[in-house]
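Colleague: Before I ask anything, let me first share the structure, which is written out below as structure tokens.
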Amino acid sequence: MSDSLENLQQALTLWTNIAHKLWEAKSTLLPKNSDHGHGEDGDSPIFSKEILAVYDGLDALYIEAEAKKREILACIASIQGV
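In this note's numbering, the protein residues as written are 52 to 133.
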């Protein structure tokens, strides 16, 4: 049972790191200040459809990584009898 717990803790660390990297990647796609939030006419966003698709993809992967972390935490809790 100790090996199972150790493996789960390693998996939790892995998924935590993955989620963090995905969050960082998503953040790099966002404008750094509000001045860059709109195009010249004030109506059109600066993001292309491709960038929005990449952002949405990263967001979906981030959500999956967070769900995997919660699943692993539940397994750890059940092993520890919490």
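A virtual CB, placed ideally from N, CA and C, is assigned to each residue, including glycine. All of these numbers come straight from a predicted model, not from anything done at the bench.
#1: Out of A118, L73, L124 and A104, point me to the one whose CA is closest to Q61's CA.
#2: On the CB-based measure, 16 or more other CB atoms within 10 Å of its CB, does S95 come out buried or exposed?
#3: Considering only their Cβ atoms, is the gap separating L59 from I114 smaller than 7 Å?
#4: Under the rule that 16 or more other beta-carbon atoms within 10 Å means buried, what is L81, buried or exposed?
#5: Say whether the segment 96–116 touches the segment 64–82, bearing in mind that this needs 3 or more beta-carbon pairs closer than 8 Å, one atom from each stretch.
Modeller: Result, derived from the coordinates:
#1: L124
#2: Residue placement at S95 cannot be trusted, given a pLDDT of 46 that sits under 50; what the coordinates show is reported in the next sentence. Exposed, since its Cβ has fewer than 16 Cβ neighbours within 10 Å.
#3: no
#4: exposed
#5: yes
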